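The UniProt record's numbering numbers the first residue of the sequence shown as 1 and each following residue consecutively. Heads up, the beta-carbon is just placed ideally off N, CA and C, and yes, glycines get one too. All of these numbers come straight from a predicted model, not from anything done at the bench. Written out below as structure tokens is the structure these notes cover.
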Amino acid sequence: MWHLAWRKKFFLEYSEIFFLFLLVTLCTANRLENVKIGVILPMNESSVFSLQKVLPAIELAVERVSGTGLLNGRKIQVTYADSRCSETDGPLRAIEMHTNKTADVFLGPACDYALAPVARFSSSWNIPIITAGGLVSAFHDKSQYKLLTRVMGSYAKLGHFVRQTLNKFDLSVVGLFYSDRTGASVGKSRCFFAMEAIYLEHNKTLHHQQFHPSDKLDVFKQQLMEMSKHTRVIIMCGSADSIREIMLAAHELNLDNGEYIFFNIETFRSSDELVNEKPWYREKDTQERNNAARKAYEALMIFTLYTPTSIEYKAFTREIKRRSGSNMKPEEQVNLFVGAFYDAVILYALALNETLEAKGSISDAQAITARMWNKTFQGITGVVSIDENGDRNGDFSLLDLNPTSGLFEVVANYYGNRKHYEPVTGRTIHWAGGRTGPPTDVPECGFDGSKCQHGGSLRLYNGLPNCLVAMVILVVISGKYVY
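Below, the structure written as structure tokens:
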């Protein structure tokens, strides 16, 4: 009897433990894994990628994903760190997130030199990386950056638009004139990388010159005189002040007479910002120079980022401003990179959802990345089209100065998913010098006039026999009347 009572007591006690263990196991199995997003961006407010600007958009995207049930009730945790736009701090913050297991996906870094090492490490860590930065051509090489997805149109995509535009105007002889940093220990500038992409896209040798941000009018005049010996089409990239000085130099050299075309590359600003400005005007400059600059800018067009015009995008920008509060000035625009990071969260959530439905896991970085590539969806910044290499097909605009208002206006757009130049209905380009179209990119007599000298000599020699015949006839007739 004692043995039976002991066995009964033992069975009851251990049955409770067994069922408790079973219950815990079942609850753990049913508990959904959290999704952890690691954001690595600079805290510097002057950056278009700053955490102060981007975090409200990421939070808004997280709320939308959670509200739609796209991840079946999984909670999304966001951890952020300051990259300082540094090739040291950016990777260190990524290593910390990897070590602490606080990131299933990286958003950023965005600055090129901070992004490069993290994008290399991420494949070893099995963590996808999405960024609205990393626009340089080097990041196209996915043999090095295997899990990198770029959600902003790269410089290479901008190069496609530039080539489409030049083809539209039947222009092929082009010069590049851009600002760059000097010194062995200083990294290359955004203008260098933008021009590099245009150079590679053009697939031929282009005349190119660099200038320093501190260069003044006389230096620019000398450089433009040299460039005018090689091209009539000059694509520029530099600060607003440098571009204005260059155009003033062009005016003094009479290069704004309609025989030359100038383009300016604005890589970090969008069309909605530029159409409200007069980049030729300076309040502290003289009226004479402002007038000269205004005339010169009639020979200038601008390549820049396309701004969506949808009701949804306008509502998005208002909400971002509201959430940003004192972090944004009343007149400050919400830049497109902010919207692109919003779309990055949506893209990742869509790909993760598809991966989970296919019985994959949050840690399957390759499967998630594969589902982000070669994908198109409607984002807040418009149609988000990611190509087969994981790079967004960017949208861009071409702006031209309206000589009546003195303001720039959009005259053409380039939608990445359609990949061709599309003029804006009802708007025409105002060509400088009263022209009705672009000049030929090579002068009839050549850039140094040598073709006309050679051609003129040939025409002279070809005409000599006819002149001699006429002279002989004249002599014969004259002789007849004399005798």
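Item to check | CB-CB length for D256 against K295, believed under 8 Å | outcome: 6 Å
Checklist entry - Closest by CA to Y414, which one among P439, K157, I368? => result K157
Checklist entry - To the nearest angstrom, how far is it from the Cα of T122 to the Cα of L147? => result Position check: residue 122 holds Ser in this sequence, whereas Thr was assumed. Using only the alpha carbons, I get a separation of about 7 Å.
Checklist entry - Would DSSP call P117 helix, strand or coil? => result helix
Next on the checklist: Taking the alpha carbon of A103 as the reference point, which residue from I130, I302, A358, D391 has its own alpha carbon closest?
Outcome noted: I130
Item to check | As assigned by DSSP and simplified to three states, the class of Q222 | outcome: helix
Item to check | Cutoff 6 Å; reference E354; Cβ partners in own chain excluding five residues on either side | outcome: R371
Checklist entry - How big is the Cα-Cα spacing for L399 and N34? => result 45 Å
Next on the checklist: On the criterion of 16 or more Cβ atoms from any shown chain inside 10 Å, does E63 qualify as buried, or is it exposed?
Outcome noted: exposed
Checklist entry - Which residues bound the alpha helix (DSSP H) around L336? => result 336-357
Checklist entry - Which whole-angstrom value describes the C-beta separation of R392 and R150, a residue pair presumed to lie in contact below a C-beta threshold of 8 Å? => result 6 Å
Checklist entry - Helix, strand or coil: how does DSSP classify T317 here? => result helix
Checklist entry - Alpha carbon to alpha carbon, what distance is there between N264 and I302? => result 5 Å
Checklist entry - For the candidate residues M225, K36, L51, whose alpha-carbon lies nearest to that of F447? => result M225
Checklist entry - Hey, how far is the Cα of S270 from the Cα of G108? => result 21 Å
Item to check | Exposure label - P330; buried when at least 16 CB within 10 Å | outcome: exposed
Checklist entry - L407 and V275: beta carbons closer than 8 Å? => result yes
Next on the checklist: So, does the region 272-290 touch the region 201-211, judging by three or more C-beta pairs under 8 Å?
Outcome noted: no
Checklist entry - To the nearest whole angstrom, what separates the beta carbons of residue 499 and G382, a pair I think is in contact under 8 Å? => result Look at the range of the chain in this structure, 1 to 483, and you will see that residue 499 is not part of it.
Checklist entry - For A94, which residues from the same chain have a beta carbon less than 7 Å from its beta carbon, with the 5 sequence-adjacent residues on both sides left out? => result I40, F106, V118, F121
Item to check | Whether V233 touches D395 by CB criterion (8 Å) | outcome: no
Checklist entry - Roughly how many angstroms separate the alpha carbons of T205 and S172, rounded to a whole number? => result 11 Å
Next on the checklist: Quick check on the burial criterion: 16 or more other C-beta atoms within 10 angstroms. Buried or exposed for N335?
Outcome noted: buried
Item to check | Contacting residues, own chain, Cβ-Cβ under 6 Å from K451 (five flanking each side not counted) | outcome: C445
Checklist entry - Among residues of its own chain, excluding the 5 on either side of Y145, which ones have a beta-carbon nearer than 6 Å to its beta-carbon? => result A119, F139
Item to check | Residue ranges of each beta strand (DSSP E) within the region 373-406, 3 or longer | outcome: 375-379, 382-386, 396-402
Item to check | S123 - DSSP class collapsed to helix/strand/coil | outcome: helix
Item to check | P91 (DSSP reduced to helix, strand or coil) | outcome: helix
Next on the checklist: Restricting to runs no shorter than 3 residues, where is the beta strand (DSSP E) found entirely within the region 43-82?
Outcome noted: 76-82
Next on the checklist: Looking only at its chain, what residues have a beta carbon closer than 8 Å to the beta carbon of G258, apart from the 5 residues adjacent to it on each side?
Outcome noted: A299, W431, A432, G433, G434, R435, P439
Item to check | Which of helix, strand or coil DSSP assigns to L41 | outcome: strand
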